[in-house]
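Participant: Questions regarding the structure given below will be posed in turn.
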Amino acid sequence: MNTFRQRLVPYALLGPGLIWLTIFFVIPMYYMLELSLKTGSLEAGFQMTWAFSNYTDAISQYSTQFWRAFYYAGIASFFCLLIGYPLAYAIAFKAGRWKNLMLFAVVAPFFTTYLIRTVAWKTILDDSSPVVSILKTLHIVPPDGRVLATSAAVIAGLTYNFLPFMVLPLFAALERLDRRLLEAGNDLYATSPQTFWRVTLPLTMPGIVAGVLLTFIPAAGDYVNVIFLGGTSQAMIGNVIQSKYLVVNDYPDAAALSFTLLAIILVALIIYIKFAGTSALMGEEEEAH
Amino acid sequence: MWRWIKEHIVLFVGLLAMFYMLLPIAVIAIFSFNDPTGRYNFEWVGFTTQYWQDPFGITPLTDSLITSIQLAFLTSIAATALGTLIAIALVRHQFFGRRAANLLIVIPMATPEVVIGASLLSFFLTTGIFKLGFGTLLIAHIMFSISFVVIVVRSRLIGFDRRLEEAAADLGASAFTTFRKVTLPLIAPGVGSAALLSFALSIDDFVISNFNSGATVTFPLYIFGANQRGIPVEVNVIATMLFAVTVIAMLSVIIQQRRAEKMADMRPEEIANKPAVSLPM
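Written as structure tokens, this is what we have:
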């Protein structure tokens with residue numbers, strides 16, 4: 016009796032939280048799937064007609080926005096990696112007693128509202144701002160050109176907003192790195208770049224993959240940066256979903272689009288989990304039992 | 018000279034990246050002292066402290082801020098409770114279905130917010146059980162915060178010396194007393210940062226709230242609405258104040274953690290299996 020009761024303990028602990036996640040995460044996904052196969056209008060109501068054409072129509076009509084979302088998210092994750100790796104490396108190996116302060120600077124943007132940060136970028140990239148006039152003097156931006164409402168502005172915004180999601184897993188991976196391996200590399204006469212390419216980089220690969228996923232996924236679904244920093248010709252798939260749900264109330268099409276986005280991302284995630292397990296995403300090594 | 022540059026190039030790049038991270042925050046703070054002529058606060062006109070004197074003068078803005086704080090407070094309590102229990106089960110117990118539980122926690126974090134928002138709206142609209150508003154916002158915020166709480170508390174629990182609990186049990190403490198007097202105080206810093214994190218996630222959320230708010234307006238939703246007609250300078254003032262408050266809260270958690278670690282340092286064997294970082298992410 017006692018062991019039976021003890022076996023129930025973990026389920027009692029998990030119960031409330033997992034029930035919440037089931038009711039308000041798993042079940043809503045089912046309702047979205049169901050809605051994506053209906054036809055009708057807000058006024059007349061939506062009927063289940065197994066309209067798989069919602070998917071084919073939505074995907075063919077908005078393939079541009081899908082590709083643009085993955086293209087922008089891909090470039091933004093690449094820049095995040097380019098900026099994030101040296102930053103994480105500097106924090107892990109070079110910062111010394113400034114480590115906590117630098118880590119704090121990385122998470123500090125989280126303490127100002129996401130929207131306000133993006134509005135701040137609108138201020139920085141505004142036609143009248145000093146940054147833009149410097150870019151014009153350097154002929155990076157043509158004299159009559161502007162930065163706002165371009166792909167570059169949207170990608171810059173995405174890169175900025177999701178950079179912490181890249182730095183934190185990279186930092187965790189670098190911090191976990193066994194320093195003796197680097198010393199061993201040096202002892203065996205490897206130059207620092209050789210040690211980096213042959214030891215540091217391969218060993219921090221799980222951190223890199225986790226960081227890329229954690230920046231790519233939210234960036235691909237984002238619509239805030241386009242609204243504030245871009246224009247209609249930069250619209251991403253998130254913008255289509257948002258306006259179909261909240262402006263034109265075309266729920267079935269919007270549901271079909273968001274389900275497609277989710278499916279693409281889940282496939283990528285499942286491939287990742289097959290290779291690396293859930294541990295890297297959970298931010299910890301698999302605990303020993 | 019070359020050597021010096023080579024030695025310090027990484028640190029230099031790091032500092033440059035830090036400047037990049039902090040630049041927009043500085044801009045927000047600086048423009049809270051701007052005195053714009055039109056409705057738009059994008060161009061520097063002149064210095065004034067006028068908006069700092071009465072930052073809560075715009076009623077809809079202040080109301081939205083109060084709504085956001087209430088929402089974040091309730092979210093933080095519920096998500097921390099639910100997430101901590103899950104973390105304890107995951108670290109302390111072997112059970113059937115562990116992989117499935119892990120997946121159920123990871124997948125919401127890997128789902129784009131727009132999809133979470135859309136699926137919840139589909140659910141609320143189709144079932145009609147819940148009316149869109151504060152309640153649906155609370156449901157959604159607790160949902161997306163749970164996973165983050167689990168991760169933060171879990172990392173604290175993994176670096177935990179279980180012999181302390183065994184000692185308490187040997188000394189005749191009941192399971193509940195052991196939990197209350199030994200486990201809870203030791204994981205408290207982790208639970209504290211998890212609570213802080215879920216508060217921050219909730220007060221910051223725009224996308225999921227955008228889908229499920231009904232007529233309720235939170236602080237980010239107010240900014241979104243105000244974007245078309247020009248965002249008032251008071252928003253910058255409040256954002257700067259919120260930043261300052263969270264920085265202070267964060268620093269006090271760090272100091273508390275340090276103190277806890279110092280106490281742990283009294284037992285040398287503890288240093289070896291101390292968690293690497295328990296920074297909220």
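Chains as they are written, first to last, in the numbering used here: chain G, 16 to 304; chain D, 18 to 298.
Where a beta carbon is used, it is the ideal one built from N, C-alpha and C, also for glycine.
Tell me, please, which residues DSSP counts as bridged to residue 181 of chain G.
Facilitator: DSSP output for residue 181 of chain G lists no bridge partner at all.
Participant: Using the rule of at least 16 other Cβ atoms within 10 Å of the residue's Cβ for burial, across every protein chain shown, is residue 179 of chain D buried or exposed?
Facilitator: Exposed: under 16 other Cβ atoms inside 10 Å.
Participant: Would you kindly work out how many angstroms separate the C-alpha atoms of residue 28 of chain D and residue 20 of chain D, rounded to a whole number?
Facilitator: When rounded, the distance between both Cα atoms is 14 Å.
Participant: With a threshold of 8 Å between beta carbons, is residue 55 of chain G in contact with chain D?
Facilitator: Answer no: the Cβ-Cβ gap between residue 55 of chain G and chain D never drops below 8 Å.
Participant: Kindly indicate if chain D contains any beta-carbon less than 8 Å away from that of residue 290 of chain G.
Facilitator: Chain D contact via Cβ: absent.
Participant: Residues of the stretch 123–145 of chain D in Cβ contact with chain G at a cutoff of 9 Å, in chain order, please.
Facilitator: The residues in question are 123, 124, 125, 126, 127, 128, 129, 130, 131, 132, 133, 134, 135, 136, 137, 138, 139, 140, 141, 142, 143, 144.
Participant: What's the C-alpha gap between residue 301 of chain G and residue 247 of chain G?
Facilitator: The predicted model places residue 301 of chain G with a pLDDT of 42, which falls under 50 and marks its position as unreliable, so this point remains unresolved.
Participant: Run down chain G in chain order and give the residues with a C-beta less than 7 Å from the C-beta of residue 263 of chain D.
Facilitator: Simply 126.
Participant: Excluding the five sequence neighbours on either side, which residues of its own chain have a C-beta within less than 8 Å of the C-beta of residue 207 of chain D, listed in chain order?
Facilitator: Excluding positions up to five away in sequence, the list reads 169, 170, 172, 173, 174, 295.
Participant: Under 8 Å, CB to CB, which of the residues in the stretch 111–125 of chain G have a partner in chain D?
Facilitator: Within the stretch 111–125 of chain G, the residues whose Cβ lies closer than 8 Å to some Cβ of chain D are 115, 117, 118, 119, 120, 121, 122, 123, 124, 125, listed in chain order.
Participant: Can you give the beta carbon distance from residue 89 of chain D to residue 216 of chain D, rounded, assuming they're within the 8 Å contact cut?
Facilitator: 5 Å between Cβ atoms; contact.
Participant: DSSP has residue 55 of chain G in a bridge; who is on the other side?
Facilitator: In the DSSP output, where bridge partners are listed per residue, residue 55 of chain G has G:61.
Participant: Considering just the uninterrupted stretch of the alpha helix (DSSP H) at residue 194 of chain G, what are its terminal residues?
Facilitator: Its alpha helix (DSSP H) spans residues 194–202.
Participant: Let me know the secondary structure DSSP gives residue 69 of chain G once reduced to three states.
Facilitator: Three-state DSSP puts residue 69 of chain G in a helix.
Participant: Is the Cβ-Cβ distance between residue 233 of chain D and residue 76 of chain D less than 8 Å?
Facilitator: Contact: no.
Participant: Mind checking which residues open and close the alpha helix (DSSP H) that includes residue 140 of chain G?
Facilitator: Here residue 140 of chain G belongs to no alpha helix (DSSP H), and DSSP marks it neither H nor E.
Participant: Going along chain G, which residues have a C-beta under 7 Å from residue 77 of chain D?
Facilitator: The premise fails here: residue 77 of chain D is roughly 16 Å from chain G at the closest Cβ pair, so nothing lies under 7 Å.
Participant: Excluding the 5 residues preceding and the 5 following residue 142 of chain G in the sequence, name in chain order all residues of the same chain whose CB lies nearer than 6 Å to its CB.
Facilitator: Answer for residue 142 of chain G: 161, listed in chain order.
Participant: Measure how close the beta-carbons of residue 32 of chain G and residue 163 of chain D come, nearest whole angstrom, since I'm counting them as under 8 Å.
Facilitator: Confirmed, Cβ separation roughly 5 Å.
Participant: Contact criterion: CB-CB distance below 8 Å. Does residue 277 of chain D meet it with respect to chain G?
Facilitator: By this cut-off, residue 277 of chain D is not an interface position.
Participant: So which of G:166, G:165, G:151 has the shortest CA-CA distance to residue 159 of chain G?
Facilitator: Closest by alpha carbon: G:151.
Participant: Looking only at DSSP bridge pairs, what is residue 51 of chain D linked to?
Facilitator: Paired residue(s): D:64.
Participant: Within the continuous alpha helix (DSSP H) that includes residue 215 of chain D, where are the two ends?
Facilitator: Unbroken alpha helix (DSSP H) run through residue 215 of chain D: 201–221.
Participant: Would you tell me roughly how many angstroms separate the C-alpha atoms of residue 163 of chain G and residue 171 of chain G, rounded to the nearest one?
Facilitator: Their backbone Cα atoms lie some 10 Å apart in a straight line.
Participant: Does residue 26 of chain G have its Cβ less than 8 Å from a Cβ in chain D?
Facilitator: So, interface residue.
Participant: Quick one: any contact between the stretch 144–163 of chain D and the stretch 96–109 of chain D, if contact means 3 or more CB pairs under 8 Å?
Facilitator: Contact holds: three or more Cβ-Cβ distances are below 8 Å.
Participant: Between D:86, D:51, D:181, D:59, which has its C-alpha nearest residue 219 of chain D's C-alpha?
Facilitator: Closest option to residue 219 of chain D, Cα to Cα, is D:86.
Participant: Can you grab the Cα-Cα spacing for the pair residue 71 of chain D / residue 120 of chain D, in whole Å?
Facilitator: Looking at the two C-alpha atoms, the distance is approximately 48 Å.
Participant: Are the stretch 229–237 of chain G and the stretch 77–97 of chain G touching by the rule of at least three beta carbon pairs closer than 8 Å?
Facilitator: These segments touch.
Participant: Taking the alpha-carbon of residue 63 of chain D as reference, which of D:110, D:256, D:250, D:258 has the nearest alpha-carbon?
Facilitator: The shortest C-alpha separation from residue 63 of chain D is found at D:250.
Participant: What residues from chain G crowd round residue 30 of chain D, counting only those whose CB sits closer than 9 Å?
Facilitator: Within chain G, the residues near residue 30 of chain D are 98, 101, 102, 104, 105.
Participant: Answer yes if the stretch 106–120 of chain G comes into contact with the stretch 276–284 of chain G, meaning at least three C-beta pairs across the two stretches below 8 Å, and no otherwise.
Facilitator: Not touching, per the Cβ criterion.
Participant: So, under 8 Å CB-CB, residue 260 of chain G and residue 269 of chain G are touching, yes? Tell me the CB distance rounded to an integer number of Å.
Facilitator: Yes, residue 260 of chain G and residue 269 of chain G are in contact; Cβ-Cβ is about 4 Å, under 8 Å.
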